[in-house]
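Under this note's numbering, the first residue of the sequence shown is numbered 0, with each subsequent residue one higher. A virtual CB, placed ideally from N, CA and C, is assigned to each residue, including glycine. Read through the structure below, which is laid out as structure tokens, and then see the notes.
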Amino acid sequence: MNQTELDQLVEKNFKYYKDGHVADYIPALGRVNPKQLGVALYDIQNNAQMSAGQANVRFAIESISKVPVLLLAIKDRGMKAVFEAVGAEPTGFAFNSILNMEINHLKHPMNPFVNAGALMTSSLVKGDTDEERFGRILSFMQELMNDDDITLDNEIYESEHATCSINRSLAYYELGNNMFPFDKDVEEIIDVYCKQCSILVTAEDLSRLGALLANNGVAPWSGKRLISQEAATITKSIMTTAGLYNQSGDYSFHVGVPSKSGVGGGLMVASPQKYGIGTFSPALDKDGNSVAGIHLLTDLVRDLNLNIF
Ligand code: DON
């Protein structure tokens, strides 16, 4: 893949923004310009980064934050404690559904990548106060994506916090069913969760997070191990089964690489041993996944022969 070919992939797939809509259930995200598409490719073997289109535009990480927060919870509490508090099974329901827990009388949320599960992993991150817990999440994200400029967007955070009644209901449902093993201050848990979703990243940042996972936890840019191999492996497996919510099966069928989406328009891909990929295009399909991003990834994965199956 050379620069011209990557530029052409952006040109070819840009038009698909017309098939989607920005996430207006969070008012600040509803104001983002949908006419954007960017891609960043981190080549692990050659330790080289390439990008095209809007790969340096900052946007809200949203649900992709569920990946670093899961990794930090594992680092803080260990694999066993985390997967006693949250499952690893896809739900088949929307990302903010309460039904899957209610119907099955579950004792814990089904996986760390739906909102109920992410509220749980967020509550597992260590910190005496919510400021400390959020501060640790932010620095961990800066480390995993090798970017000290990753910050919180206050306007998006306030907008999220003012409109998060469904997440609040999920958190109270979990509290009412005694699911939280440590922190029981639900409003604090919700606050940290809204903040982690409102962190701004670029497609290039996401390509580095993908590369770290693809390289089994060792940062290709420094040779330093940042997360355990086991944490990287487990995360990629859950990305494969639940990274794109109730579209994960279709996406695996058509694209076939561990990926995680967010309603800010980002997609983060870990192509084992080969590439980390980040895309950004804010217009989403009905399940909350970036339309042009998925089209571009379908082409890129086919051209580079990255389908893991
Ligand atoms: O909690 C929410 O609804 C958002 N802050 C994040 C959801 C999300 O990104 C789902 N992703 N596709």
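### Query
Run through DSSP, which three-state label would R30 get?
coil
#### Entry: Simplified DSSP state of F181, which is helix, strand or coil
coil
### Query
What is the rounded straight-line gap between the Cα of G275 and the Cα of N1?
16 Å
### Which listed residue (E142, S121, G91) has its alpha carbon closest to that of D312
Look at the range of the chain in this structure, 0 to 308, and you will see that residue 312 is not part of it.
### Task
Please say whether T278 and A213 have beta carbons closer to each other than 8 Å?
no
### Query
When DSSP labels each residue in this structure, what does L70 get in the three-state scheme?
Reduced to three states, the DSSP call for L70 is helix.
### C-beta contact flag for A282 and V21 at 8 Å
The answer is yes: Cβ separation under 8 Å.
### Task
With distances taken Cα to Cα, identify the nearest neighbour of S164 among R135, A230, V185.
V185
### Message
So, under 8 Å CB-CB, I60 and G261 are touching, yes? Tell me the CB distance rounded to an integer number of Å.
### Response
6 Å
### Task
Go ahead and pull the three-state DSSP assignment for S227.
Note: S227 maps to coil in three-state DSSP.
### R207 beta carbon less than 8 Å from that of Y41
Yes, the pair counts as a contact, with Cβ atoms nearer than the cut-off.
### Task
Please find out if some non-hydrogen atom of the ligand DON comes closer than 7 Å to the beta-carbon of N95.
yes
### Query
Is it the case that the Cβ atoms of L143 and K194 are separated by a distance below 8 Å?
Between L143 and K194, the gap from beta carbon to beta carbon reaches 8 Å or more.
### Task
For H20, name the three-state secondary structure that DSSP assigns.
Under the three-state reduction of DSSP, H20 is assigned to strand.
### Message
Spatial neighbours of Y244 within its chain, please: C-beta separation below 6 Å, excluding the five flanking residues on both sides.
### Response
F94, D286
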